[in-house]
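A.B. asks: A single structure is presented below for examination.
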Amino acid sequence: MRTVVVLFTRDLRVHDNPALHAACAMVDQVVPLFVLDPRIRAGAHRHRYLAGALADLRGSLRERGGDLVIRHGDPVTEAVRVARAAGAFGIGLAADASRYAADRQRRLATACARERLALKLFDGVSVVPPGALRPSGGGDHYKVFTPYWRAWQAYPRRAELPAPRRIALPPGLAPGELPDHDVPGGETVARHRLAAWRPAAADYADRHDDLAGDGTSRLSAALHFGCLSPVTAASVGVEPFVRQLCWRDFYHQVLAAFPDLPDKPYRPGVTEQWRHDPAALDAWRHGRTGVPVVDAGMRQLAAEGFLHNRARLITAAYLTKHLALDWREGARWYAERLLDADVANNCGNWQWVAGTGNDTKPYRRFNPVRQAHRFDPDGTYVRRWLPELAGVPGPAVHEPWRLPDPRRLDYPPPIVDGGSHG
Ligand SMILES: Cc1cc2nc3c(=O)[nH]c(=O)nc-3n(C[C@H](O)[C@H](O)[C@H](O)COP(=O)(O)OP(=O)(O)OC[C@H]3O[C@@H](n4cnc5c(N)ncnc54)[C@H](O)[C@@H]3O)c2cc1C
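What follows is the structure in structure tokens.
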């Protein structure tokens, strides 16, 4: 019997999973394995999502005659241990871009060589794998989005793979316990969400910036954990939406080439000067800056572990350009709270907003109040998240300090300059 281990990481699905598909097509027995690494600290929202995704994956694998084997510890040690116990000849997994993933891949290669196990990496985390596209003028990755988008559109897309029909697990392996979960999630929910959202994608260009309308796909967590394949998501085909998936690939190839993205400025030669102001940082974190649209965003983040892209732009620009506080603080706060927290997308976007990234206009400033009037014209989004301003009608909610008697509201005055400069 030829046996392999498929090490799941953030490709928690059975449909269009190149590593799982190849294993099921080529060998007799497959051990689908997930290792919970205690070194990865996930916030409560993400932990719940992951637990639901693993339960769903186990269900799908069991329906096909297999199982999801769960282990705790270092993924490299555990994968090799399970491979040995199962008599496997090799390990397959999806290649990934972060420093953590690259380190895991390097250590796996060393351990597999030592144990005489084959190791195979598969694409599957992005539509176009990092490194597949290189600018004609030289360099190992694209630094600017528009030429990348053009090359990305022309790149032949991998065909979607079906879910395996049957999975044969070698006997005698203890399945291991799933983390507790209380909500259904994972691939099944992600695929329903995609199907439900598909018809709305046609209006994406008109609706995606409307804060209150919430008209985006909300597929980011599913894409981050790989409950939905990015190739499947791209099959929606509506260009403005597919362009967003290209941004995701863009930041993944940036991260693969520049693993210091979470810590160091991406743009060479940038001098960073950030203020140290714990009180202002605290006000930002907890939605008490006195600028309603900023505070609404930060409260939504705390409550839902999600934030609309426009609200991410507004809150991030306010932290870095108005409060002049370090983008790393903001990125860390987001990373702990976002369900879709993703090193490439989070740090790439934070650096873009802070002006240390690949933005071609790094000195751009956002006026949060003007943004609020434009993207939440009647104030519905702000009232939804700031109950203390629920009685302020219409767009006046964006500038409560202009009301005749603002002190009657249980809401702080702006911590800097009326929040409206810039
Ligand atoms: C400061 C800041 C931090 C961010 N942090 C993250 C993060 O940690 N994880 C994350 O997935 N996205 C992040 N984004 C990008 C974007 O805001 C979210 O992907 C998007 O809001 C998720 O909602 P959605 O799934 O409804 O997106 P949709 O608008 O429906 O877009 C579809 C998909 O395209 C991708 N996408 C969309 N916009 C971007 C973008 N600007 N950059 C990269 N990919 C994009 C996402 O995978 C998203 O799910 C960040 C943006 C900013 C400005």
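Heads up, the sequence shown is in full-length UniProt numbering, so the first residue is 1 and it goes up one at a time.
Glycine residues also receive a C-beta, built at the ideal position from the N, C-alpha and C atoms.
As the structure is a prediction and not an experimental result, all values here were calculated from the model.
1) Buried or exposed: where does H322 fall if 16 or more other Cβ atoms within 10 Å of its Cβ makes it buried?
2) DSSP has V397 in a bridge; who is on the other side?
3) Can you determine whether any heavy atom of ligand 1 sits closer than 7 Å to the C-beta of D342, and answer yes or no?
4) Once you ignore the five residues that flank Q253 on each side, which residues in its own chain have a CB closer than 6 Å to its CB?
5) Determine, using beta-carbon pairs with one atom in the region 320-335 and one in the region 278-287, whether at least three such pairs fall under 8 Å.
6) With distance defined between alpha-carbon atoms, name the residue in V125, W149, D123 nearest to R134.
7) Taking all protein chains shown into account, do 16 or more other C-beta atoms lie within 10 angstroms of the C-beta of P393, making it buried, or fewer, making it exposed?
8) Check whether the Cβ of S220 sits closer than 7 Å to any heavy atom of ligand 1, and report yes or no.
9) Where does T271 fall in DSSP's three states?
10) Would you call the region 252-269 and the region 343-360 in contact, with 3 or more CB pairs under 8 Å?
11) Would you check if the distance between the CB atom of L339 and the CB atom of A221 is smaller than 8 Å?
12) Helix, strand or coil, according to DSSP, for V30 in the structure here?
13) On the DSSP bridge assignment, give the partners of K143 in chain order.
14) Apply the 10 Å Cβ neighbour rule to M26 and answer buried if 16 or more other Cβ atoms are within range, or exposed otherwise.
15) Using the Cα positions of A159 and T232, report the straight-line distance between them to the nearest angstrom.
16) Please confirm whether G87 and I167 have their CB atoms less than 8 Å apart.
17) Mapping the DSSP letters down to three states, classify A94 as helix, strand or coil.
18) Is S60 near ligand 1, with its Cβ less than 7 Å from a heavy atom?
19) Mark H308 as exposed unless 16 or more other C-beta atoms lie within 10 angstroms of its C-beta, in which case mark it buried.
20) Using a Cβ-Cβ cutoff of less than 6 Å, which residues in the same chain neighbour A341 once the five nearest sequence positions on both sides are dropped?
21) Can you tell me which of R106, R104, D96 puts its alpha carbon nearest to the alpha carbon of F122?
22) To which residues of the same chain is L161 closer than 6 Å at the C-beta, ignoring the five residues directly before and after it?
C.D. replies: Checking against the coordinates, here is how it stands:
1) Here the question's residue 322 lines up with position 322 in the sequence shown. The residue in question, H322, is buried, as its Cβ has 16 or more Cβ neighbours within 10 Å.
2) By one-based count along the sequence shown, residue 397 stands at place 397. Beta-bridge pairing links V397 to no other residue.
3) Start at 1 with the first residue of the sequence shown, and residue 342 comes out as number 342. Set against 7 Å, the gap from the CB of D342 to the closest heavy atom of ligand 1 is smaller.
4) Against the sequence shown, residue 253 aligns to sequence position 253. Here the set comprises P130, H141.
5) yes
6) Working through the sequence shown from its first residue, we reach residue 134 at position 134. Comparing Cα-Cα distances from R134 to each of V125, W149, D123, the minimum goes to W149.
7) Reading the sequence shown from its first residue, position 393 is the one you call residue 393. By the neighbour-count rule (16 or more Cβ atoms within 10 Å), P393 is not buried but exposed.
8) Position 220 of the sequence shown, counted from the first residue, corresponds to residue 220. At least one heavy atom of ligand 1 is nearer than 7 Å to the Cβ of S220, so yes.
9) The residue given as residue 271 occupies position 271 in the sequence shown. DSSP places T271 in coil when its eight states are reduced to three.
10) yes
11) Start at 1 with the first residue of the sequence shown, and residue 339 comes out as number 339. Start at 1 with the first residue of the sequence shown, and residue 221 comes out as number 221. Yes, the Cβ-Cβ distance between L339 and A221 is below 8 Å.
12) For the purposes of this step, residue 30 is taken as residue 30 along the sequence shown, with counting starting at 1. In the structure shown, V30 sits in a strand (DSSP, three-state: E or B).
13) In the sequence shown, residue 143 corresponds to position 143, counting from 1. K143 pairs with nothing; no bridge assigned.
14) Walking along the sequence shown from the start, residue 26 turns up at place 26. When all chains shown are included, M26 counts as exposed.
15) The residue you call residue 159 lines up with position 159 of the sequence shown. The residue you call residue 232 lines up with position 232 of the sequence shown. Spanning the two alpha carbons is a distance of roughly 9 Å.
16) Your numbering for residue 87 matches position 87 in the sequence shown. Your numbering for residue 167 matches position 167 in the sequence shown. Contact flag unset, no.
17) Walking along the sequence shown from the start, residue 94 turns up at place 94. Reduced to three states, the DSSP call for A94 is strand.
18) Here the question's residue 60 lines up with position 60 in the sequence shown. No, since every heavy atom of ligand 1 falls outside the 7 Å radius drawn around the Cβ of S60.
19) Stepping through the sequence shown from its first residue, residue 308 is reached at position 308. Buried, because 16 or more other Cβ atoms sit within 10 Å of the Cβ of H308.
20) As a position in the sequence shown, residue 341 is number 341, starting the count at 1. Cβ within range, chain order: A335.
21) In the sequence shown, counting from the first residue as 1, residue 122 sits at position 122. Among R106, R104, D96, the Cα nearest to that of F122 belongs to D96.
22) Residue 161 sits at position 161 when you count from the first residue of the sequence shown. Result list for L161: D16, H21, in chain order.
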